[in-house]
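The numbering used here numbers the first residue of the sequence shown as 1217 and each following residue consecutively. Every residue gets a Cβ at the ideal spot worked out from N, C-alpha and C, and that includes glycine. These notes concern the structure reproduced below.
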Amino acid sequence: MDVAKEEKTHVGEFQTLLLKLDREQEKELAEGKKEVDELTK
Ligand SMILES: [Fe+2]
């Protein structure tokens, strides 16, 4: 469980870097959220 928790932090780090460095990421993040929302409603 400790490793799983660390990996969640790594996801946050990677996402933060993408949002800072990749101009497309904000749009793609929203696109991904929309797809998951539609699949899980
Ligand atoms: Fe990791």
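Where residue 1249 falls: helix, strand or coil (DSSP): helix
Where residue 1240 sits in the DSSP three-state scheme: coil
C-beta contact flag for residue 1242 and residue 1233 at 9 angstroms: no
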